[in-house]
Amino acid sequence: MAEIAASFPLLLKSWRQYRRLSQLELASHSGISQRHISFLETGRSNPSRPMVIALCESLNVPLRERNTLLAGAGFAPVYRDEALDHDSLQFFRETLATVIEHHEPYPALVLDGRWNVVMANQAAVAFFGMFVDPLALVAGDTRDFRIIRMCLEEDGLKPSVVNWHQLVYALLQRCRRALAANPGDEGLKALIEDITGHQDAPAHWLRPDTAGAAPVLDMTLEKDGKRYALFTMLAHFGTPEHVTLQELSVETFYPADAATRSFFEQSRADLQAPKN
Numbered sequence: 002m003a004e005i006a007a008s009f010p011l012l013l014k015s016w017r018q019y020r021r022l023s024q025l026e027l028a029s030h031s032g033i034s035q036r037h038i039s040f041l042e043t044g045r046s047n048p049s050r051p052m053v054i055a056l057c058e059s060l061n062v063p064l065r066e067r068n069t070l071l072a073g074a075g076f077a078p079v080y081r082d083e084a085l086d087h088d089s090l091q092f093f094r095e096t097l098a099t100v101i102e103h104h105e106p107y108p109a110l111v112l113d114g115r116w117n118v119v120m121a122n123q124a125a126v127a128f129f130g131m132f133v134d135p136l137a138l139v140a141g142d143t144r145d146f147r148i149i150r151m152c153l154e155e156d157g158l159k160p161s162v163v164n165w166h167q168l169v170y171a172l173l174q175r176c177r178r179a180l181a182a183n184p185g186d187e188g189l190k191a192l193i194e195d196i197t198g199h200q201d202a203p204a205h206w207l208r209p210d211t212a213g214a215a216p217v218l219d220m221t222l223e224k225d226g227k228r229y230a231l232f233t234m235l236a237h238f239g240t241p242e243h244v245t246l247q248e249l250s251v252e253t254f255y256p257a258d259a260a261t262r263s264f265f266e267q268s269r270a271d272l273q274a275p276k277n
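Residue 111 in my numbering is what sits at position 110 of the sequence shown, and the numbering runs on without skipping anything.
Below, the structure written as structure tokens:
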């Protein structure tokens, strides 16, 4: 336990530096004296459980990493981390299913903290199944960030994306924002390197510049001479106290032009038509 506890000072200092706060500024945010924060970072003092949580709140540390800091200080995790299919999350799972089902006839996905699809409505499976194997959308391989990697792969969505450079650059910026929130995420760092190192990546992607970014994420796909233009919106649970729920997001797709809207409306009509 002593070896685990010894990691807390380094973790605290790293998060404070990630957030570009001085010890005095962190003291002002947390209500803990600068002197005591200095003692915590050097290991001269040990924090209480409430103090660890207060510091994490002030540093805006994600729940999963808060458990790491608690463990580093010698405490058991506070924030639960069951998988979405756990019995305790049945209500939330059913709520998510209702949300994406009510979004029909437009596609909707539930993404986990690694941007892998964990739930999809029928419209999403049918629509994206026009471009890739629909099983790859909800299953695929076990790599993280599968939904983004599909946009990078020649055997994935890449050949069908008309505005590939615009789309992937927007995804790159999303990755960079996520890394700013959790700078220790090695998986995100690797993904950003994969995107910027892609053979079709322009040189300016290496610069973390958000100038000229579009107000929403646009995706235009083409199949058999027909184009489908969509934009997306992300939604999250408000102030969750559960690791899995904090990391989940719902990505809903909307038609960006009249032709795409007509396509989805016709799809709804076809599904609702009586069967002979």
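In this text, a Cβ means the ideal position worked out from N, Cα and C, and glycines have one as well. None of the values given here were measured: they were computed from a predicted structure.
Is it buried or exposed, residue i, if we count other Cβ atoms within 10 angstroms and call 16 or more buried?
| i | result |
| --- | --- |
| F128 | buried |
| L136 | exposed |
| N61 | exposed |
| Q267 | exposed |
| L25 | exposed |
| F92 | exposed |
| P203 | exposed |
| D258 | exposed |
| M220 | buried |
| E42 | buried |
| T96 | exposed |
| P48 | buried |
| L207 | exposed |
| L71 | buried |
| L112 | buried |
| L13 | buried |
| R17 | buried |
| R67 | buried |
| L246 | buried |
| L11 | exposed |
What distance in whole Å lies between the Cβ atoms of residue j and residue i, which are believed to be in contact at a cut-off of 8 Å?
| i | j | result |
| --- | --- | --- |
| R302 | V217 | There is simply no residue 302 to check, as the chain begins at 2 and stops at 277 in what is shown. |
| V163 | E223 | 5 Å |
| E248 | G32 | The pair is not a contact, with the Cβ atoms about 28 Å apart (cut-off 8 Å). |
| V251 | V126 | Not quite, the Cβ-Cβ distance comes to about 16 Å (not below 8 Å), so this is no contact. |
| A182 | P63 | 7 Å |
| D145 | G198 | D145 to G198, Cβ: 17 Å. No contact. |
In its own chain, which residues sit with a C-beta less than 8 Å from the C-beta of residue i, not counting the 5 before and 5 after it?
| i | result |
| --- | --- |
| W165 | C152, K159 and D201 |
| D186 | A179 and L180 |
| F132 | L158, S161, L222 and K224 |
| R262 | P256 |
| S279 | Because residue 279 is not part of the residues shown, which for the chain are 2 to 277, the question remains open. |
| D86 | R94 |
| K190 | L180 |
Starting from the C-beta of residue i, find all residues in its chain whose C-beta is less than 7 Å away, skip the five residues before and the five after it, and write them out in chain order.
| i | result |
| --- | --- |
| I149 | W116, L172 and L192 |
| A98 | M120 |
| H104 | N122 and T253 |
| M52 | I33 |
| Q35 | Q24, L25 and A28 |
| E102 | N122 |
| G264 | Looking at the sequence shown, residue 264 is not Gly but Phe. Taken in chain order, the residues that qualify are Y229. |
| Y170 | W206 |
| P241 | Q247 |
| C57 | R67 and L70 |
Spatial neighbours of residue i within its chain, please: C-beta separation below 6 Å, excluding the five flanking residues on both sides.
| i | result |
| --- | --- |
| H30 | S59 |
| R269 | P106 |
| Y19 | P184 |
| A212 | Low confidence applies here, because A212 scores a pLDDT of 48, under 50, leaving its location unreliable; read the following figure in that light. Once the five neighbours on either side are set aside, A212 has no close Cβ partner at all. |
| R81 | H243 |
| L110 | V118, A121, A125 and E252 |
| D271 | none |
| P108 | A124, A125, F128 and F254 |
**Request:** Would you be able to state if there are at least three C-beta pairs under 8 Å between the region 222-238 and the region 65-85?
**Result:** The region 65-85 is not in contact with the region 222-238.
**Request:** Starting from the N-terminal side, write out each stretch of the alpha helix (DSSP H) that is 4 residues or longer and does not extend beyond the region 242-277.
**Result:** 244-248 and 259-273, all fully within the region 242-277.
**Request:** For the region 131-155, list the beta strand (DSSP E) runs that are entirely contained and at least 3 residues long, ordered along the chain.
**Result:** As far as the region 131-155 is concerned, it has no whole beta strand (DSSP E) run of at least 3 residues.
**Message:** Quick check on the DSSP output: what are the complete alpha helix (DSSP H) runs of length 4 or more inside the region 61-110, in order along the chain?
**Reply:** The DSSP assignment places 64-73 and 91-103 as complete runs of the alpha helix (DSSP H) inside the region 61-110, in order along the chain (cut-off: 4 residues).
**Request:** Let me know the alpha helix (DSSP H) ranges lying completely inside the region 9-43, each 4 residues or longer, listed in chain order.
**Result:** Fully contained in the region 9-43 are the following alpha helix (DSSP H) runs of length 4 or more, in chain order: 24-31 and 35-43.
**Message:** Report the start-end ranges of each alpha helix (DSSP H) in the region 159-234 that is 4 residues or longer and not cut off at the edges.
**Reply:** Unbroken alpha helix (DSSP H) runs of no fewer than 4 residues, entirely contained in the region 159-234, are found at 165-182 and 187-197, following chain order.
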